[in-house]
Amino acid sequence: MAKKGTEKFNLIINGIIFLFFLFSINTLLGFAVLVILIFIMMKSPGIKNKTISYFSSGNVAGLDLKKLVAQATVPQASRNSLEEIDRATSANIITAFNAPRRTKKLEKNKKYLQVALNGTLAEAREVLGTISQSEKIIIEAGTPLIKTFGTDAIREISYLRPASYIVADIKTADLAEREVAMVANAGASAATCLGVAPIETINDFISACSTYGIDSMIDMMNVENPLLVLKRIKAMPDVVILHRGVDETEFSKGKMIPYYQIKQLKGAYNIKVSVAGGDTLREVQSAIFNDADIVVVWKNFTRSDKKTGNIISGFLKIIR
Amino acid sequence: MQIAFNRSISEVENMVNRLPGSDRILIEAGTPFVKQYGQYGISRLVSLWRNKVGEKAYIVADLKCMDRGLTEVRMAANAGASAATCLGFAPTETIDEFISNCQNSSIDSMVDMMNVEFPFEVLQKLKKIPDIVVLHRGVDERVNNKEKAIPYYDINRIKGAYNSFISVAGGETIKEINRTFFNGADIAVVWQAFFDDPGNTGELAETFLKSIKGYGKKRN
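So, in structure tokens, the structure goes:
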């Protein structure tokens, strides 16, 4: 690499001397050759690519190469194009993990409704039957559901809803990489991590998520200032969840969902913001009005009845 | 001593069978284990350990409860666990709900103080004091950041003010465990050694037990 560099350098020096001579012979001639040279440089794609690949390979070398092979081969794609990263990682995952993986990803500038399933598996099955197959609906395997039925709950949902985007709400607080591997292999498209967890865990979680090709969501429940957490972590998560806990909602009515933080977060970072903890139509409305990308609802969906379908179509109307 | 199990269910069965049948060993169903196998995993551990130790068997379900105290505690109690854990940085409402539900279903409540800077402040806000307070240094923290230490000095501070047991998690070597008990902790949680070397589970447990014996006698 160093030898190539000096060769290139010599070429440039020679070129400059040559130009200097031309200028001294005839100013007009020198100027004309200079313009032609610049024109050739701009047109020729070979030169451009060479310089770019030179820089990007330098970037890859700067990364921690000890990490999994799959991650090491991921090209350094720009963070703001989700799709690019997805394609790159999924290509690697297929060879490295051979697991049933979701290819569905969240799209930019689209609003989603996330329905959390928290009852028993039988109830979840029933509720899934009443929810229409819409691109805008995300299915969430709730924490109690996962803790009761394990990863089988995720497998079941992904079997029932092969086309849906599935979030595994595992609320990771430690041992991030193992938990991410677990749910990724069970067919989840995204996993959650607690914002109050140690910074090391969150960093591990986000890098594990990109290794396994799933979206990372950071749950900011009980975090006073999510921006402070985001400032401390290495890579940005795909989604940040602003969350008011169920117990909080029930026992102290005064606590508000901090809608003003949505704009703050979206202004500072290129991430999606999801809002959880509001269950009425009104609250969903104000979340969407305040520019949230995803709204999580659960209360009306623990038990299925005829109303469930109606409620969802009501929500979807707002979200559109 | 509390041993946390985080491997696959068949391996865990094998490991439990190798353990010496001592009622001083508490079995913990680790968080990844619970998330992978759910209620079934916990009840399987319970029945295994009951067969070995009888009625004194003590199983901890490491739920790391963050919300919905009621649902999760009920689930663990139904599976037969003797104690469940809740995160110390969860909302105060959740911890309160968690503790009162634990009492209702007559299992012990553990509050996990991982990443909590001042466990004391959390305890002060609660309506009721949990049965056991867990001082915890996370695994990811330990691997990526060697400097973080277990706050041993907190043990005596909490024991002085409240009537609860103290459990210390995050120390893995015999030296660290000795230090834990020397500082007045009631329970030490280990898992790394067992996770790395499942074949030697029996001998490992024996050595750990031997090293803590002296401290138990002193207190009794």
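Going down the list, the protein sequences come from chains W and P. The first sequence: position 100 = 100 (this note's numbering), numbered continuously. Add 1000 to the 1-based position in the second sequence for this note's numbering, that's all there is to it. Think of the CB as a built atom: it goes at the ideal place given N, C-alpha and C, for glycine as much as any other residue. The structure displayed is predicted, hence computed values, not measured ones.
Own chain partners of residue i with C-beta closer than 8 angstroms, once the 5 adjacent residues on each side are dropped
i, result
"Thr1207 of chain P", "Ile1174"
"Lys67 of chain W", "Any reading at Lys67 of chain W must be qualified, since the residue scores a pLDDT of 39, below 50, and its modelled position is unreliable; the value itself is stated next. For Lys67 of chain W, where only same-chain residues beyond five positions count, the Cβ hits under 8 angstroms are Ser207 and Thr211."
"Leu1048 of chain P", "Glu1013, Val1016 and Asn1017"
"His188 of chain W", "Reading the sequence as shown, one finds Ala at residue 188 of chain W and not His. Counting only Cβ-Cβ distances below 8 angstroms, and skipping sequence neighbours, we find Arg102, Ala141, Ile154, Ser158, Ile166, Val167, Ala168 and Ile214."
"Lys263 of chain W", "Asn290 and Asp291"
"Ala1081 of chain P", "Ala1029, Ile1042, Val1046, Ile1059, Val1060, Ala1061 and Ile1107"
Delimiting residues of the beta strand (DSSP E) encompassing residue i
i, result
"Asp169 of chain W", "Tyr165 to Thr172"
"Met219 of chain W", "The question names Met, but residue 219 of chain W is Asp in the sequence shown. From DSSP, the beta strand (DSSP E) with Asp219 of chain W extends over Asp215 to Asp219."
"Glu140 of chain W", "Ile137 to Ala141"
"Met1113 of chain P", "From DSSP, Met1113 of chain P is part of no beta strand (DSSP E); its letter is neither H nor E."
"Glu1028 of chain P", "Leu1026 to Ala1029"
"Val1012 of chain P", "Not the beta strand (DSSP E): Val1012 of chain P falls in the alpha helix (DSSP H), residues Ile1009 to Arg1018."
"Ile1003 of chain P", "Gln1002 to Phe1005"
Whole-angstrom C-beta distance between residue j and residue i, which should lie under 8 angstroms
i, j, result
"Thr1085 of chain P", "Asp1062 of chain P", "5 angstroms"
"Ile294 of chain W", "Ile131 of chain W", "In fact, because the Cβ distance is near 16 angstroms, the residues do not count as touching under 8 angstroms."
"Val239 of chain W", "Met221 of chain W", "Between Met221 of chain W and Val239 of chain W the Cβ distance is about 14 angstroms, and since that is not below 8 angstroms, they are no contact."
"Ile1059 of chain P", "Val1046 of chain P", "5 angstroms"
"Pro1032 of chain P", "Met182 of chain W", "7 angstroms"
"Ala1077 of chain P", "Ser1105 of chain P", "4 angstroms"
"Ile1158 of chain P", "Ala1185 of chain P", "In fact, because the Cβ distance is near 10 angstroms, the residues do not count as touching under 8 angstroms."
"Arg1044 of chain P", "Ile1009 of chain P", "7 angstroms"
"Lys30 of chain W", "Phe23 of chain W", "For clarity, residue 30 of chain W is Gly in the given sequence; the question names Lys instead. That pair is a contact at about 3 angstroms."
"Leu228 of chain W", "Ala268 of chain W", "About 11 angstroms; that fails the 8 angstroms criterion."
"Ser286 of chain W", "Ile241 of chain W", "Their Cβ separation, rounded to whole angstroms, is 17 angstroms, which puts Ser286 of chain W and Ile241 of chain W out of contact at 8 angstroms."
Residues of its chain near residue i, where Cβ-Cβ distance is below 7 angstroms and the 5 sequence neighbours each way are ignored
i, result
"Lys171 of chain W", "Thr143, Thr192, Leu194 and Asp219"
"Leu316 of chain W", "Leu113, Ser134 and Lys136"
"Ala173 of chain W", "Leu194, Ala197 and Thr201"
"Phe1089 of chain P", "Asn1115 and Val1116"
"Leu145 of chain W", "Leu117, Asn118, Ala124 and Ala153"
"Glu1097 of chain P", "Gly1069 and Leu1070"
"Cys1102 of chain P", "Val1073, Ala1084, Asp1108 and Ser1109"
"Leu19 of chain W", "Gly30, Val33 and Leu34"
"Ile232 of chain W", "Checking the sequence, you will find Arg at residue 232 of chain W rather than Ile. If we look at Arg232 of chain W and ignore the five residues flanking it on each side, its Cβ neighbours are Ile199."
Contact set for residue i: own chain, Cβ-Cβ below 6 angstroms, skip 5 residues either direction
i, result
"Glu1093 of chain P", "none"
"Asp176 of chain W", "Correcting the residue type first, residue 176 of chain W is Ala in the shown sequence and not Asp. Cβ within range, chain order: Thr201, Asp204, Phe205 and Ala208."
"Glu140 of chain W", "Gln114, Ala116, Val167 and Asp169"
"Ala1188 of chain P", "Met1001, Val1168, Ile1177 and Thr1180"
"Gly245 of chain W", "Met221"
"Lys1128 of chain P", "Ile1099"
"Val1053 of chain P", "Gly1021 and Asp1023"
"Ile13 of chain W", "none"
Within chain W, the residues that residue i reaches when beta carbons sit closer than 7 angstroms
i, result
"Phe1089 of chain P", "Val196 and Asn222"
"Lys1064 of chain P", "Ala173"
"Gly1041 of chain P", "Gly150"
"Asn1115 of chain P", "Val196, Ala197 and Pro198"
Interface residues of chain P facing residue i [CB-CB closer than 8 angstroms]
i, result
"Val239 of chain W", "Simply none; closest approach about 17 angstroms."
"Ile170 of chain W", "Lys1035"
"Ile146 of chain W", "Lys1035 and Gly1038"
"Val246 of chain W", "Asp1067 and Arg1068"
"Met182 of chain W", "Pro1032, Lys1035 and Gln1036"
Which residues DSSP lists as bridging residue i, in chain order
i, result
"Phe324 of chain W", "An answer regarding residue 324 of chain W cannot be provided, because it is not within the stretch 1 to 320 covered by chain W."
"Phe39 of chain W", "Bridge partners of Phe39 of chain W: none, in fact."
"Tyr1153 of chain P", "Partner(s): none; Tyr1153 of chain P has no beta bridge."
"Leu242 of chain W", "W:Val275"
"Thr1085 of chain P", "P:Met1110"
"Thr192 of chain W", "W:Met217"
"Tyr112 of chain W", "W:Ile294"
"Ser207 of chain W", "None; Ser207 of chain W has no bridge partner."
"Ser1167 of chain P", "P:Val1134 and P:Ile1187"
"Leu117 of chain W", "W:Ala141"
Residue i - containing alpha helix (DSSP H), residue span
i, result
"Lys266 of chain W", "Tyr260 to Ala268"
"Leu1063 of chain P", "Element bounds for Leu1063 of chain P: not the alpha helix (DSSP H) but the beta strand (DSSP E), Ile1059 to Cys1065."
"Ile1174 of chain P", "Ile1174 to Phe1182"
"Ser1100 of chain P", "Thr1092 to Asn1104"
"Thr280 of chain W", "Premise fails: Thr280 of chain W is in no alpha helix (DSSP H) and is neither H nor E."
"Gly1080 of chain P", "Neither: Gly1080 of chain P is in no alpha helix (DSSP H) and is coded neither H nor E."
"Pro162 of chain W", "No alpha helix (DSSP H) contains Pro162 of chain W, which DSSP labels as neither H nor E."
Residue i: contacting residues in chain W (beta-carbon distance under 8 angstroms)
i, result
"Thr1031 of chain P", "Ala173, Asp174, Leu175 and Glu179"
"Thr1071 of chain P", "Asn118 and Pro144"
Residues that residue i contacts on chain P, provided the C-beta gap is smaller than 9 angstroms
i, result
"Glu283 of chain W", "Neighbours of Glu283 of chain W on chain P: none; closest Cβ ~17 angstroms, over 9 angstroms."
"Gly278 of chain W", "None at all; the shortest Cβ gap to chain P is about 15 angstroms."
beta-carbon residue i near the ligand NAD non-hydrogen atom, thresh 8 angstroms
i, result
"Val275 of chain W", "Ligands in the displayed structure: none, and consequently the ligand NAD is not present."
Where residue i meets chain W, residues with beta-carbon distance less than 9 angstroms
i, result
"Met1075 of chain P", "Pro144, Lys147 and Thr148"
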